[in-house]
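Asker:
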Amino acid sequence: MTAPAPRRSGARVQVGLVVLAGFAASALTWLIACAWPDAPAERATIASVAFIPLWTVLALAVVAVRRRAPAGSERRRLFAVHRGLGGALALAAMVVFGSGVGAVADRALARWQVALAPVEAPPLAEQPLDAVLADLLTARPELVRGELAIHPASDHQPWIQVDFFGPGRKPVRLDFDARTGAPLAQGRGPLWVVRELHRRLLTNPLLGETVLGALGLALALILCTGLAARRDWLRNLVRRRRPAQPLAMRVHQWVGFFTLPAALLWAWTGALLGLTLIVVPIVGGAAYGGDRAALMRDVLASDRPPLVDTAIARPTLQTTIASGCPLVAEHLADAEVHRVLVRHPGLASGTVRVDLEGGGLLERGSFTRAADGALRDCRALPAAGPGLQAFLGAIVLHYGEWGPAWFVDLAYLLLGAGLVGLSWLGGVLLARRRERDGETRSAARLRRWLIGVGLGLPLATAALLLLSRIPALARAEDLAVRVFVAVFVLALLLARTFSRAPVILHHALVVLLVAVPIVGWLVAGVQPGLVEAVLVVMALGLLGVRRRPLAPV
16 MTAPAPRRSG
26 ARVQVGLVVL
36 AGFAASALTW
46 LIACAWPDAP
56 AERATIASVA
66 FIPLWTVLAL
76 AVVAVRRRAP
86 AGSERRRLFA
96 VHRGLGGALA
106 LAAMVVFGSG
116 VGAVADRALA
126 RWQVALAPVE
136 APPLAEQPLD
146 AVLADLLTAR
156 PELVRGELAI
166 HPASDHQPWI
176 QVDFFGPGRK
186 PVRLDFDART
196 GAPLAQGRGP
206 LWVVRELHRR
216 LLTNPLLGET
226 VLGALGLALA
236 LILCTGLAAR
246 RDWLRNLVRR
256 RRPAQPLAMR
266 VHQWVGFFTL
276 PAALLWAWTG
286 ALLGLTLIVV
296 PIVGGAAYGG
306 DRAALMRDVL
316 ASDRPPLVDT
326 AIARPTLQTT
336 IASGCPLVAE
346 HLADAEVHRV
356 LVRHPGLASG
366 TVRVDLEGGG
376 LLERGSFTRA
386 ADGALRDCRA
396 LPAAGPGLQA
406 FLGAIVLHYG
416 EWGPAWFVDL
426 AYLLLGAGLV
436 GLSWLGGVLL
446 ARRRERDGET
456 RSAARLRRWL
466 IGVGLGLPLA
476 TAALLLLSRI
486 PALARAEDLA
496 VRVFVAVFVL
506 ALLLARTFSR
516 APVILHHALV
526 VLLVAVPIVG
536 WLVAGVQPGL
546 VEAVLVVMAL
556 GLLGVRRRPL
566 APV
C-alpha cells in the first residue's frame with residue numbers, strides 16, 4: 016500500500032511560513048551582530064551578509080519539514096514551491112534579469128552612447144577638476160551646502176562627469192571636457208532607464224528597492240527549490256539514452272544547473288541591497304546601539320558632519336588627491352581614482368572623500384579630508400576584516416565592477432541572458448502543464464504574456480539604443496523614459512490582442528537592431544564599429560528564428 020501524498024499547504028500558509036522564517040533569521044542576525052567577537056563594523060557586516068542566506072535556509076526548512084511525514088514528501092513540497100512560486104514570478108524574473116542585462120550594457124556602452132565623445136582622456140593630474148568645481152559653484156551656488164560626486168576622465172569614459180541632486184532630489188548629470196573643463200552635455204545616456212528599472216523599478220527608491228529586495232529573496236527560494244525538481248535530476252543531465260522529459264525541460268535543467276551559482280549570488284546580494292529597511296535597523300541596533308551615523312561611517316565611509324555655515328578657503332581637489340593616506344599607499348599603490356565626493360565645498364564643515372579602485376575584487380579604498388586638510392578617515396579593503404571584505408565584495412560582485420572590464424561585462428551579459436531564458440522556459444513549462452490540466456485559457460494567457468515581456472523588453476531597449484544615435488535626443492532623460500515605457504506597453508498590448516503579435520514584434524526587433532548603425536552613420540556620422548556589428552549579427556540571427564519557438568504549443 017503506497018503512502019498517502021503529503022497534504023499541500025495553501026499559498027497563504029507558505030507565505031506565512033516564509034515570514035515566520037524571516038523573524039527567526041532576524042533574531043539570529045541580531046544575535047550575530049551582538050555576540051560576534053570582533054569590532055562593531057565586523058559584527059554588523061558579518062550579520063548583514065548572513066541575513067538573507069539564513070532566511071533562505073530557514074524558509075526552505077519550515078516549508079519542507081513535517082513531523083512523521085512519509086519518505087520523499089520533503090522533496091515534493093519543495094518542488095511544489097518551485098513550481099508555484101516560479102510560475103507566479105516567471106514574468107517578474109524575466110524583467111529583473113533582463114533589466115540587469117541592460118544595466119550591464121549601460122555601463123559597458125557608456126562611451127558608445129555618447130556619439131561625439133572625446134577620443135582620449137588626459138592624465139588625472141592634468142584634468143581641470145578644480146576649474147569644473149569652481150564653475151559649478153558659480154552657476155549653482157546652492158551646491159555649497161550640498162554634495163556632488165566628480166568622476167575623473169578615464170579611458171572607458173573620457174570626460175569629467177559630475178553627479179548631484181537638483182530640486183526635488185532629481186539626479187543631475189553634467190559632463191565636461193577633460194582638457195578644457197568646458198561643458199559638454201547634461202543628462203544621462205538613454206540606457207539609464209533600463210538600469211534604473213533594475214535598481215528601483217523606475218519608482219520611488221524606497222518602494223522600488225524594497226520590492227526588488229523581496230523579489231530577490233523569492234528568486235533565491237525558486238533557485239534552491241529547483242534542485243528538488245527530480246530526485247535524479249543530475250543524472251538526467253548527463254545520461255546518454257533518450258530522456259523522458261521534453262526538450263524544454265532538459266534545456267531548463269541545463270541552464271539552471273550552469274547559472275545557479277551566479278543567479279543565487281545575484282539574488283542574495285540583490286535582496287541584501289533592497290531590504291535595507293530590515294537589515295540596517297537589526298545590525299545597527301545590535302552592533303551600534305541604534306547609532307546609524309556611526310554604522311554608515313564605519314562600513315561605507317559615509318562621513319556627514321553637520322553643516323557649519325562659515326566660509327573658508329577651499330583646498331584644491333588635485334592637492335587632496337595627491338595627498339593620499341598611509342593605508343592606501345601601502346595596499347593600493349596601483350589603484351586609480353574612481354570618484355571624488357565633495358560635501359559642503361568652501362564651508363567649515365566641508366569634506367572631500369577620494370574613492371580608489373583597482374582591478375581586483377578587493378582592491379577598493381578611500382580617504383577623507385576635512386576642509387582644513389586634516390585626515391578624517393583612511394581605509395583599504397585588503398587591510399579590512401573578513402566581515403567588511405565579504406560585505407563590500409558581495410556588492411562589487413553584484414554590480415560586476417571588478418576584473419578586466421571586457422571579460423566581466425561579457426560574462427555578466429551572457430549569464431544574465433541565460434537567466435532570462437531560464438525564466439522564459441519556466442513559464443513555457445508552466446503553460447504546458449496548465450494546458451494538460453485542462454486550463455486552456457490560462458495557458459494561452461500566460462503564453463501571450465511571455466511573448467509580450469520576452470520581446471517587449473528587448474524592443475524597448477533597442478528603441479533606447481536608436482535614441483542614442485540622435486545627438487539632439489540622446490540626453491533627453493524624460494523622453495527616454497516615455498519611449499521605453501511606450502514601446503514596452505505597446506508590445507504587451509499587441510501580445511495580448513493580436514494572434515500575429517509574435518511575428519510583428521519579432522520583425523520590429525530586427526528592424527530596430529539594423530536601424531541603429533544606419534541612423535548613427537547618417538545622423539551622427541558615427542562609423543560602424545564592434546557594437547554595430549554585434550547588433551547586425553543579432554538581427555541576422557533573429558531572422559533565422561521561426562515563430563514556433565516564440566509561441567510554443
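Using the numbering used here, the letters of the sequence shown map in sequence onto residues 16 to 568.
All C-beta atoms, glycine included, are put in the ideal place defined by N, C-alpha and C.
All values reported here derive from a predicted model rather than from experimental measurement.
Looking at C-alpha atoms only, which residue of Ser364, Phe273, Val77 is the closest neighbour of Ala426?
Answerer: Of the listed residues, the one whose Cα sits closest to Ala426 is Phe273.
Asker: Report yes if the CB atom of Val357 is closer than 9 Å to the CB atom of Glu162, and no otherwise.
Answerer: Going by C-beta atoms, Val357 is nearer than 9 Å to Glu162.
Asker: With 16 other CB atoms within 10 Å as the buried threshold, where does Ser483 fall?
Answerer: The residue in question, Ser483, is buried, as its Cβ has 16 or more Cβ neighbours within 10 Å.
Asker: Could you name each continuous beta strand (DSSP E) segment of 3 residues or more that falls completely within the segment 201-238, going from the start of the chain to the end?
Answerer: Runs found: none.
Asker: Helix, strand or coil: how does DSSP classify Asp387 here?
Answerer: Three-state DSSP puts Asp387 in coil, outside helix and strand.
Asker: Distance, Cα to Cα, Arg563 vs Ala516?
Answerer: Per-residue confidence for Arg563 stands at a pLDDT of 47, beneath the threshold of 50, marking its modelled position as unreliable; the derived number appears in the next sentence. Distance between the alpha carbons of Arg563 and Ala516 is about 13 Å.
Asker: Here's a check: name, in chain order, each residue in its chain whose Cβ is nearer than 6 Å to the Cβ of Arg448, leaving out the five neighbours to either side.
Answerer: There are no such residues.
Asker: For Ala277 and Leu430, I'd like the C-alpha separation in whole angstroms.
Answerer: Roughly 8 Å between the two C-alpha positions.
Asker: Consult DSSP for Leu292 and reduce its assignment to one of helix, strand or coil.
Answerer: The answer is helix: DSSP assigns Leu292 an H, G or I state.
Asker: Nearest by alpha-carbon distance to Ala337: which of Phe382, Ala316, Gly300 is it?
Answerer: Nearest option by C-alpha distance: Phe382.
Asker: Assign Ala326 to one of three DSSP states: helix, strand, or coil.
Answerer: Of the three classes helix, strand and coil, the one that applies to Ala326 here is strand, per DSSP.
Asker: Give the secondary structure of Ile485 by DSSP, where H, G and I count as helix, E and B as strand, and everything else as coil.
Answerer: Coil.
Asker: Suppose the cutoff is 6 Å on Cβ atoms and the five residues either side in sequence are ignored; what does the same chain contact list for Ile284 look like?
Answerer: Note that residue 284 is Thr in the sequence shown, not Ile. Here the set comprises Ala409, His413.
Asker: In this structure, how does DSSP classify Leu347 when only helix, strand and coil are distinguished?
Answerer: Coil.
Asker: Leaving out five residues on either side along the sequence, give the residues of the same chain with a beta carbon under 7 Å from the beta carbon of Ala286.
Answerer: The residues are Ile67, Gly228, Gly231, Leu232, Ala235.
Asker: Give me the Cα-Cα distance between Arg215 and Ala282, rounded to the nearest whole angstrom.
Answerer: Cα-Cα distance, rounded: 15 Å.
Asker: Using DSSP bridges, identify the partner residues of Ser381.
Answerer: The partner list for Ser381 (beta bridge, DSSP) reads Asp370, Arg394.
Asker: Anyone know if the C-beta pair for Ala395 and Leu342 falls short of 9 Å?
Answerer: Going by C-beta atoms, Ala395 is nearer than 9 Å to Leu342.
Asker: Closer than 7 Å by C-beta to Arg324: which residues in its own chain qualify, once you throw out the five before and the five after it? Chain order, please.
Answerer: It is Asp, not Arg, that sits at residue 324 in the sequence shown. Closer than 7 Å at Cβ, skipping near neighbours: Leu362.
Asker: State buried or exposed for Trp70, treating a residue as buried only when at least 16 other CB atoms are found within 10 Å of its CB.
Answerer: Counting Cβ neighbours within 10 Å, Trp70 comes out buried, since at least 16 surround it.
Asker: From this set, Val111, Ala50, Val77, Val78, which residue's C-alpha is nearest Ser438's C-alpha?
Answerer: Of Val111, Ala50, Val77, Val78, the residue nearest in Cα terms is Val111.
Asker: Quick check on the burial criterion: 16 or more other C-beta atoms within 10 angstroms. Buried or exposed for Ile327?
Answerer: Its Cβ having fewer than 16 others within 10 Å, Ile327 is exposed.
Asker: Can you tell me whether Glu162 is helix, strand or coil according to DSSP?
Answerer: Reduced to three states, the DSSP call for Glu162 is strand.
Asker: Determine, using beta-carbon pairs with one atom in the segment 176-195 and one in the segment 467-484, whether at least three such pairs fall under 8 Å.
Answerer: Counting Cβ pairs under 8 Å, fewer than three are found: no touch.
Asker: When you compare only the Cα positions, how much space is there between Ala107 and Gly300?
Answerer: Roughly 33 Å separates the two Cα atoms.
Asker: Classify Cys340 as buried or exposed, calling it buried when 16 or more other Cβ atoms lie within 10 Å of its own Cβ.
Answerer: Buried, by the Cβ-count rule.
Asker: State the start and end residues of the unbroken beta strand (DSSP E) segment that holds Gln333.
Answerer: Note, Gln333: premise wrong, no beta strand (DSSP E); alpha helix (DSSP H) at 332-338.
Asker: So is Gly556 buried or exposed if we call it buried at 16+ other beta carbons inside 10 Å?
Answerer: When all chains shown are included, Gly556 counts as exposed.
Asker: Going by C-alpha to C-alpha distance, which of Gly204, Gln176, Ala197, Pro156 sits closest to Pro182?
Answerer: Among Gly204, Gln176, Ala197, Pro156, the Cα nearest to that of Pro182 is on Pro156.
Asker: The alpha helix (DSSP H) spanning Val177 covers which residue range?
Answerer: Unbroken run through Val177 is the beta strand (DSSP E), 175-180; no alpha helix (DSSP H).
Asker: Rounded to whole angstroms, what is the Cα-Cα separation between Phe499 and Ala491?
Answerer: Roughly 12 Å separates the two Cα atoms.
Asker: Assuming Gly204 contacts Ala125 (C-beta within less than 8 Å), just tell me the rounded distance between them.
Answerer: Going by Cβ atoms, the distance from Gly204 to Ala125 rounds to 7 Å, so yes, they are a contact pair.
Asker: According to DSSP, is His521 part of a helix, a strand, or is it coil?
Answerer: Residue state, collapsed to three classes: helix.
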